[in-house]
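Below is one structure, written out as structure tokens; comments come after it.
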Amino acid sequence: MSDAAPRDLPEGFFDPQLRGFVAHNGTIWRRNDPGHAVSGFFVEERHCNPRGICHGGWLSTFADIAMVRQATVNRAHGALTISMAVDFLEAVPLGSWVESRCEIVREADRIVHVQGVALVDGRAVLRMNGTFRPSPLSPPPEVGEE
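This note's numbering puts the sequence shown at residues 2 to 147.
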């Protein structure tokens with residue numbers, strides 16, 4: 002698979018044109034729903050371990066990006082990750098579409114707590130939670146939002 006928009010890309014997703022580390026590892030698509038930033042990606046061979054299963058390191062990167070997007074969904078700046086945790090619930094095979102569902106659970110003293118899940122075919126394959134600090138020193142890394 003390539004980074005070009007696949008024919009089976011779910012409706013409403015666009016390429017936010019991430020730079021740096023993530024740009025070298027494949028597109029993490031974005032859809033803006035009211036009050037929510039939904040992220041998704043197709044598992045490509047470069048994301049997999051030798052067994053053809055999505056590597057936990059890539060799933061953790063996806064979780065970080067999905068939660069940062071949610072933490073900053075209505076802000077004009079990015080956020081810094083303070084801490085995060087992921088629980089791997091199921092193996093994610095090559096070719097799968099993985100999609101996030103995150104929510105802000107608490108905001109206090111310039112700290113945002115986010116939790117969520119990553120889904121494949123409606124099944125939770127990963128559980129995530131994190132703590133973030135919104136920061137004007139960390140501008141949103143995305144351009145091209147619709």
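All residues carry an ideal CB built from backbone N, CA and C; glycine is no exception. In this text the structure is predicted, and so the values were computed from the model without any measurement.
Tell me whether L81 sits in a helix, a strand or coil according to DSSP, three-state version.
-> strand
By DSSP, does T62 sit in helix, in strand, or in coil?
-> helix
Validate contact between the stretch 75-90 and the stretch 103-110 using beta carbons, cut 8 Å, 3 pairs = no
Cβ distance (whole Å) where D88 is taken to contact L127 below 8 Å | 7 Å
Using a Cβ-Cβ cut-off of 6 Å (strictly less than) and excluding sequence neighbours within five positions of A64, which residues of its own chain qualify?
-> V87, M129
Return helix, strand or coil for V121, following the three-state DSSP convention.
-> strand
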